[in-house]
Amino acid sequence: MVLQESDSELEAGDPAPEFDLEGVDGETYSLDSFADDEALLVVFTCNHCPYAQAKFDLLNELAAEYDDVSVVGINPNDAAEYPDDSFEKMEAFVDEGKIEYDAYLRDESQAVARAYGAVCTPDPFLFEREDGTFRLAYHGRLDDAPNPDDEPSRFQIREAIDAVLAGESLDLEWQPSRGCSIKWKED
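Okay, here's the thing in structure tokens:
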């Protein structure tokens, strides 16, 4: 397992890159699917990474707690090399209740992960809707627990969501998210 830190090239205020991805529910999702939300939390994640698994409960809670925010998990990992990250296993995780996000999507081509500059799982990007466009408000750690078994004492993602929903400026240092490297396909 390679520990990776995110170094996205997206900057505050940048529009969310478009996507058109299949969800485990059989629906196809794009940014327009979430147009009624005040904010959109896109998290590049997967099934097998212990860092990603450690955040399943937090992301499920966020999805249930915030009516004006959609939590979208996107799995870009190479499922041929990492079968636990296959679409079928993603469906099983949802069916078993391990993952209860607003949408769990498969980035088979890995083009969406590349467009966002995602490098690890989990790698969260919080966008706020401004004049019909989702713009990057926060990219960084979900919480301050550096390792999967650590208990967090601070939840930066909650602070960021609360500030966005309150229309307040976000005074939060963007610390790189940490996790397993995205499992890129060989070209």
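The UniProt record's numbering numbers the first residue of the sequence shown as 1 and each following residue consecutively.
Just so you know, even glycine gets a beta-carbon here, dropped at the ideal spot from N, CA and C.
Treat the numbers as computed from the prediction; the structure is a model and nothing was measured.
**Item:** As assigned by DSSP and simplified to three states, the class of Glu186
**Value:** coil
**Item:** Residue from Pro17, Thr28, Gly26 whose Cα sits closest to the Cα of Leu41
**Value:** Nearest of Pro17, Thr28, Gly26 to Leu41, Cα basis: Pro17.
**Request:** Label Asp140 either buried or exposed according to how many other C-beta atoms from any shown protein chain fall within 10 Å of its C-beta, with 16 as the threshold for buried.
**Result:** For the sequence presented, residue 140 should be read as Gly rather than Asp. With 16 or more other Cβ atoms within 10 Å, it is buried.
**Message:** Pull the bridge partners of Ala103 from the DSSP assignment, please.
**Reply:** Val72
**Request:** Identify, in the order they occur along the chain, each residue of the same chain with its Cβ nearer than 8 Å to the Cβ of Val2, setting aside the five sequence neighbours on each side.
**Result:** Because the pLDDT of Val2 is 49, which lies under 50, any placement of that residue in the model is unreliable, and the number read from its coordinates should be weighed accordingly. Cys180, Ser181.
**Request:** Over the uninterrupted beta strand (DSSP E) stretch that includes Asp123, give me the two end residues.
**Result:** 123-130
**Host alpha helix (DSSP H) of Ala115 (start-end)** = 111-116
**Asked** So what's Arg178 in DSSP terms, helix, strand or just coil?
**Response** strand
**Request:** Using alpha carbons as the reference points, say which of Lys89, His48, Pro15 lies closest to Asp25.
**Result:** Lys89
**Prompt:** Using a Cβ-Cβ cut-off of 6 Å (strictly less than) and excluding sequence neighbours within five positions of Ala103, which residues of its own chain qualify?
**Reply:** Gly23, Tyr29, Val72
**Message:** I'd like to confirm the pairing. Which residues does DSSP put opposite Gly23 in its beta bridges?
**Reply:** Its beta-bridge partners are Leu105.
**Message:** Buried or exposed, going by whether 16 or more other CB atoms sit within 10 Å of the CB of Glu9?
**Reply:** exposed
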